[in-house]
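Protein chains: 2
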Amino acid sequence: MFSKACEYGIRASIFIALNSLEHRRVGPKEIAKEINSPEAFTAKILQALVRNNVVNSVKGAHGGFEIDKKDIKTIMIADIVKAIDGDNVYKGCGLGLHECNENKPCPMHEKFKLVRAELKYMLESTDLESLALDLKLGDTFLKV
Amino acid sequence: MFSKACEYGIRASIFIALNSLEHRRVGPKEIAKEINSPEAFTAKILQALVRNNVVNSVKGAHGGFEIDKKDIKTIMIADIVKAIDGDNVYKGCGLGLHECNENKPCPMHEKFKLVRAELKYMLESTDLESLALDLKLGDTFLKV
DNA sequence: CATAAAGAGGACAATTTTATCCGAATTAAA
DNA sequence: TTTAATTCGGATAAAATTGTCCTCTTTATG
Chain L
0 MFSKACEYGI RASIFIALNS LEHRRVGPKE IAKEINSPEA FTAKILQALV RNNVVNSVKG
60 AHGGFEIDKK DIKTIMIADI VKAIDGDNVY KGCGLGLHEC NENKPCPMHE KFKLVRAELK
120 YMLESTDLES LALDLKLGDT FLKV
Chain R
0 MFSKACEYGI RASIFIALNS LEHRRVGPKE IAKEINSPEA FTAKILQALV RNNVVNSVKG
60 AHGGFEIDKK DIKTIMIADI VKAIDGDNVY KGCGLGLHEC NENKPCPMHE KFKLVRAELK
120 YMLESTDLES LALDLKLGDT FLKV
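Those protein sequences? They're chains L and R, same order as listed. For the first sequence, numbering that gives the first Met the number 0 assigns the number 0 to the initial residue and increments by one for each residue that follows. For the second sequence, numbering that gives the first Met the number 0 assigns the number 0 to the initial residue and increments by one for each residue that follows.
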């Protein structure tokens, strides 16, 4: 459903949120280990999240990634997905037809619309905090 | 949402169904032209559909691809997707976690479940005939 | 039977996505 | 001010997906 990059991005964000709630910064090494993802690739994804203001980075010694505690409940999964994959997930025709739209719908248009709306709603109404609160620090959950 | 291969596969199947309803066999050249897809790649995809009994092929002179008229209404989009992409579309954890399941759900498990169920239902309840009947032969619909 | 028109399938090429590496810039702390 | 710990970003590599080409087999028809 999502690209690998996006999966890693969501998992990483949840882990960072979890740590930020405890006032801990985390680096790519720790993140990758905890969410079981390739380190360098994860670092690239984190850069994208930083550029798109999803997570905050602090450079230099004792640096790392964090999320402002007050922002954790307003960052939606949709923001993460958009930062990494753009809005291709629930955009465009399911059959890849460029000119399919409301005025000139392809045969599957209405059917896809429902599913996409459901996905969009889910991503836009799920915030990082509600996900993080399902876990507690030390859980191996994001790993397996 | 789907791979290119899958998009071409669905479009090709609709076009073949449309023609089979009129007792015409079609070849990869005509199919590719009509659904605006790369010919050789489309031919590969058609092979997969044949192997998985979604469409029928007739070799030799005057051969081509067709679908038994009586099967058109029982072939579901889910069958096409499964033949090409396997059942990865609505299988597996949305976050890519291998051990996420009903017993040990990841934080997004319940949320994804809804969307996936919707997608699954849509694909499993949409048959080729209902799609083909939305179109008529000669429509440029599958092209754009 | 010979021939031409098809699909089947293997080998290969291009592109995109995933993943790695390394040097440069930044910063806290000795 | 030097050093070590970091993120940033560009170059590159590996793997997967997408796309092409060519030969083999099958089959209708003359």
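Even for Gly, the Cβ is constructed at its ideal location relative to N, Cα and C.
Asn-102 of chain R is bridged by DSSP to nothing; it lacks a bridge partner.
In this structure, DSSP gives Glu-21 of chain L a state outside helix and strand, which the three-state scheme calls coil. The beta carbon of Asp-133 of chain R falls within 8 Å of a beta carbon belonging to chain L, placing the residue at that interface. Identification of chain L residues near Phe-1 of chain R by a Cβ-Cβ cut-off of 9 Å yields Gly-93, Leu-94, Gly-95, ordered along the chain. The beta carbon of Arg-50 of chain L sits closer than 8 Å to those of Ala-82, all from its chain and outside the five residues before and after it, given in chain order. Neighbours of Ile-13 of chain L in chain R, taken as residues at a C-beta separation under 8 Å, are given in chain order as Pro-106. Going by DSSP, Val-80 of chain R is part of the alpha helix (DSSP H) stretching over 76-84. Pairing Gly-8 of chain L with Ala-39 of chain R, the inter-Cα distance amounts to about 36 Å. Under the three-state reduction of DSSP, Val-114 of chain R is assigned to helix. Gly-59 of chain L is classed as exposed because its beta carbon has fewer than 16 other beta carbons within 10 Å across all chains shown. By the criterion of a C-beta distance shorter than 6 Å, Arg-10 of chain R is surrounded in its chain by Ile-34, Leu-141, once the five residues flanking it on both sides are discounted. No Cβ-Cβ contact shorter than 8 Å links Ile-13 of chain R with Val-25 of chain R.
Against chain L, a Cβ distance below 7 Å from Ile-9 of chain R picks out Leu-94. Shown in chain order are the members of the region 116-130 of chain R whose Cβ falls below 7 Å from a Cβ of chain L: Glu-117, Leu-118, Met-121, Thr-125, Leu-130.
The C-alpha of Ser-124 of chain L lies about 45 Å from the C-alpha of Phe-64 of chain R. If you draw a straight line from the Cα of His-22 of chain L to the Cα of Glu-6 of chain L, it is about 24 Å long.
With distances taken between CA atoms, Leu-130 of chain R lies nearest to L:Cys-105 out of L:Val-114, L:Cys-105, L:Tyr-120. Within chain L, the residues Glu-117, Met-121 have their CB atoms less than 8 Å from the CB of Leu-113 of chain R, given in chain order. The residue among R:Glu-29, R:Met-75, R:Thr-41 with its C-alpha nearest the C-alpha of Lys-3 of chain R is R:Thr-41. Every unbroken stretch of the alpha helix (DSSP H) spanning 4 or more residues and falling wholly within the region 4-68 of chain L is given here in chain order: 27-34, 38-50. Setting aside the 5 residues that flank it on each side, Arg-115 of chain R is surrounded in the same chain by Tyr-89, each with a C-beta closer than 6 Å to its C-beta; the list follows chain order. Asp-126 of chain L has L:Met-75 as its beta-bridge partners, per DSSP.
Within the region 14-48 of chain L, no residue has its Cβ closer than 8 Å to any Cβ of chain R.
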